[in-house]
Amino acid sequence: MRNPKSVELLNKAIAEEELALHQYMYFHFLLDDMGYDLLAAIFKKIAIEEMKHIEAFAERILFLGGDVELGKLAGQIQKVQDPQKMLEIAMQSEAEAVELYSKWAMEVVAHDRDIGTEQLFKKVVMDEERHFETFEREFLNLQKFGNQYLAQQAMERSKKNL
Ligand SMILES: [Fe+2]
Ligand SMILES: [Fe+2]
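Every number in our numbering is 3 more than the matching position in the sequence shown, counting from 1.
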């Protein structure tokens with residue numbers, strides 16, 4: 004196996020991504036059940052992007068000759084019902100991912116001069132920054148428009164049932 008430090012950090016990244024994937028799908032199910040289609044769709048779309056991050060990290064681990072560790076979530080799913088809290092948790096999760104992957108990008112270079120893995124972490128950081136922005140936009144909309152923001156989504160759902 005080449006670059007053991009890179010493989011270790013890539014597996015840690017997979018555990019972070021798995022937690023985000025599960026957390027966002029959990030929020031997606033709840034929001035869909037509550038009839039908030041827009042928010043539900045955003046969480047689903049970003050969850051799918053986190054799944055693709057798992058795939059990219061796993062491919063890199065296999066390329067380096069390491070073992071892919073799946074099913075080790077980096078924490079507990081937070082069972083929250085309030086949409087504003089969901090967005091806060093998501094923003095926090097994205098900010099943490101940006102911080103961790105930025106740090107790990109530098110570590111894999113310092114340790115193994117592994118610029119391939121560095122590039123991958125940098126690319127994923129850009130995605131996580133975009134995710135943060137998406138969640139933040141909805142968070143600010145919710146703050147600005149309050150219950151109207153949610154009511155409108157619920158009404159859109161009701162119209163679909165006509
Ligand atoms: Fe991700
Ligand atoms: Fe993300």
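Glycine is no exception: its CB is placed at the ideal position from the N, C-alpha and C atoms.
Proximity of residue i and residue j at Cβ, strictly below 9 Å
| i | j | result |
| --- | --- | --- |
| residue 17 | residue 101 | no |
| residue 76 | residue 53 | no |
| residue 65 | residue 6 | no |
| residue 34 | residue 22 | no |
| residue 143 | residue 63 | no |
| residue 127 | residue 9 | no |
| residue 28 | residue 55 | no |
| residue 60 | residue 11 | no |
Simplified DSSP assignment, three categories, for residue i
| i | result |
| --- | --- |
| residue 80 | coil |
| residue 27 | helix |
| residue 126 | helix |
| residue 68 | coil |
| residue 39 | coil |
| residue 4 | coil |
| residue 115 | helix |
Through-space distance from residue j to residue i, alpha-carbon basis
| i | j | result |
| --- | --- | --- |
| residue 159 | residue 49 | 22 Å |
| residue 106 | residue 113 | 11 Å |
| residue 166 | residue 95 | No statement about residue 166 is possible, as the shown extent of the chain runs from 4 to 165 and does not include it. |
Whole-angstrom C-beta distance between residue j and residue i, which should lie under 8 Å
| i | j | result |
| --- | --- | --- |
| residue 141 | residue 45 | 6 Å |
(request) Check whether the stretch 83-90 touches the stretch 118-127, taking contact to mean three or more Cβ pairs, one atom from each stretch, closer than 8 Å. (result) Result no; under three Cβ-Cβ pairs closer than 8 Å.
(message) Three or more C-beta pairs under 8 Å: does that hold for the stretch 130-137 against the stretch 99-113?
(response) With contact defined as three or more Cβ pairs closer than 8 Å, the stretch 130-137 and the stretch 99-113 are in contact.
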